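The block underneath contains the structure these notes are about, expressed in C-alpha cells.
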Ligand SMILES: Cc1cc2nc3c(=O)[nH]c(=O)nc-3n(C[C@H](O)[C@H](O)[C@H](O)COP(=O)(O)OP(=O)(O)OC[C@H]3O[C@@H](n4cnc5c(N)ncnc54)[C@H](O)[C@@H]3O)c2cc1C
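Residue numbers (full-length UniProt numbering): 1 to 426.
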C-alpha cells in the first residue's frame, strides 16, 4: 500500500473512533454543516485545508483521549489553538485530524496573582503523547517547562497556561500614520526612540512600513502627565498624516481593542529576522522593500514591522524558568515580514517577494555585523530555521526533553507540521 493510502486509512479509522468518543463534536466534510466554517477559521486562506476529521476538545482528559486514538490508529494530526499562524499544515492538515483546542476556555485568578488560562482563550498543562497529564513550571518538570518556552509543539499539547500577573493596568498610547515618501526622518526618529528604550524600559513602540504609508505606535507602560520627550519628534514630523488613535490613557485591553480591526480574508505568508538596531540597517531594509515590491500585482501587498525588544525583556524571560531561545541581552528588533494576497495564482510571486525581502535583510544585517541568530517562532515562515537558531546546546537540551516526555516520538512522526525537531539537519 502507498504511503498516501496508509495515511488515508489511518485518518479514516481515527475519524470513526473520534466520532464515537465525542458525539456531536467531531466534524467531517462528508456530512457536517459546521465543518466548512471550521475549515475557514484560520487567519490565512493558505490554511483553509479540509481535513479528514475535525474534533473540538473541551478538557485536558478529552485531549488525552483524542491523543490515545491518534496513537492507536497512527493517524497524522495537527493541533489548532486560535488558527492565527499562516503556515499551511501547522494548524491544518489534508489527510488527517485537526485537534481543535478553542473550547478550552477556563479562566481563574488565584489570590497570589497567578492566572490559570485555558489554551483556547484568545488574547491577545500539558498532555503528553501517552495521554498522561502533567504540570510544568520552574519547580515541577522544570526541564519540560524550559523546553516549552519556545521549543514549540515537540513535547505535548498545552491545555492550560499558569501565568504570573502584574498590575500593569495603566498604559499610554498613540498610533499615527505617516507619509512613506518622507522616510529618512521617520527612520531617524524611530532609531532615537529605540535608543531611549535602553534607559527607560517603560517605553515601547512599533513601526509598520507599507507602500506609501508608515504606521507608528508609541507606547508607555504608565500614564505620565506628558509623554516621554523622545516621542515629541514624532508629533513634529511634517509627514504626519493622522493620529489614528490620539494619545490615550488606557489599559492593555483598551489598546488591544483600539488596534483591532476586521481583517480581510486573504492568503498570507510571514518570515522573520532578528537584528540589532541601526539607522543604516533600517534604511537598507527599506531600500530592499522598495526593490522587491516594485511591479508587484495590485492584489499582492507586502509590509513589514520593526518590533523592538530590550535587554530587560530578555532578562525577565530568563528569570522566569529560563528558555531555550538563546537570546542575547542586547537591544534588538524582531522584524516580521508579511505578504497578503488574493488568488492562488499569486502564490509564487508573493512568496518570492517575501523571501527576497527576508533574505535581503538577513544578508545586509550580516554584512553590517548586526545579525542575531535568533528566529522567533511566532513570526517565522515554515522555511525559517527556528529551532536551529537557538544554538547547538539548546537543541541538544530540547532533544533530551522530547525523548523523555515523548519516548515514542508521536509528536515527531504523526504531527503534520510545525517547527519540529525532526526537521533539524544537525
Ligand atoms: C503580522 C503578525 C502579527 C501578530 N500579532 C500578534 C499579536 O499582536 N499578539 C500575539 O499574541 N501574537 C501575534 N502574532 C503571532 C501569531 O498570532 C501567533 O502565530 C499566534 O499567537 C499563534 O497562536 P494560535 O493559537 O492562533 O496558534 P495556531 O495557529 O492555532 O497554532 C500555531 C502552532 O502552534 C501549535 N499549537 C497551538 N496551540 C497549541 C497548544 N495548546 N499546545 C501545543 N501546540 C499548540 C499548532 O499546532 C501550530 O503548530 C502575530 C503574527 C503575525 C504574523
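We put the CB at the ideal spot given by N, CA and C, even for glycine.
Values in this document were obtained by computation on a predicted structure and should not be read as measured data.
Rounded Cβ spacing between residue i and residue j (contact assumed at less than 8 Å)
i           : j           : result
residue 172 : residue 222 : 7 Å
residue 394 : residue 326 : 5 Å
residue 127 : residue 64  : 5 Å
residue 145 : residue 321 : 5 Å
residue 299 : residue 339 : With 8 Å as the limit, residue 299 and residue 339 do not qualify as a contact, their Cβ atoms being about 11 Å apart.
residue 208 : residue 305 : 4 Å
residue 499 : residue 153 : Nothing can be reported for residue 499, as the shown portion of the chain is limited to 1 through 426.
residue 324 : residue 149 : 7 Å
C-beta atoms of residue i and residue j nearer than 8 Å
i           : j           : result
residue 69  : residue 157 : no
residue 114 : residue 163 : yes
residue 279 : residue 191 : yes
residue 119 : residue 77  : no
residue 19  : residue 56  : no
residue 428 : residue 270 : Residue 428 lies beyond the residue range present for the chain, which begins at 1 and ends at 426; the question has no answer from this structure.
residue 46  : residue 268 : yes
residue 10  : residue 108 : no
residue 281 : residue 199 : no
residue 349 : residue 332 : no
residue 383 : residue 346 : no
residue 293 : residue 285 : no
residue 178 : residue 239 : yes
residue 354 : residue 379 : no
residue 205 : residue 214 : no
residue 196 : residue 230 : yes
residue 93  : residue 416 : yes
Within-8 Å CB hit, residue i to chain D
i           : result
residue 200 : Looking for chain D here will not work: only one protein chain is present.
Any non-hydrogen atom of ligand 1 closer than 7 Å to residue i Cβ
i           : result
residue 91  : yes
residue 214 : no
residue 55  : no
residue 68  : no
residue 397 : no
residue 84  : yes
residue 343 : no
residue 140 : no
residue 157 : yes
residue 379 : yes
residue 219 : no
residue 382 : no
residue 270 : yes
residue 153 : yes
residue 79  : yes
residue 336 : yes
residue 11  : no
For residue i, the first and last residue of its enclosing beta strand (DSSP E)
i           : result
residue 54  : 53-56
residue 98  : 97-100
residue 107 : 107-109
residue 115 : 114-118
residue 80  : 77-80
Extent of the continuous alpha helix (DSSP H) to which residue i belongs
i           : result
residue 19  : 3-21
residue 399 : 392-405
residue 144 : 142-148
residue 70  : 60-73
residue 411 : 410-413
residue 37  : 34-39
What are the uninterrupted segments assigned as beta strand (DSSP E) that are 3 or more residues long and contained completely in the stretch 289-357, given in chain order?
-> 300-306 and 332-341
Which parts of the stretch 200-275 are runs of the alpha helix (DSSP H), unbroken and 4 residues or longer, counting only runs that do not cross its ends?
-> 232-236 and 252-259
In the stretch 152-179, which residue ranges form an unbroken alpha helix (DSSP H) of at least 4 residues, counting only runs that do not cross its ends?
-> none
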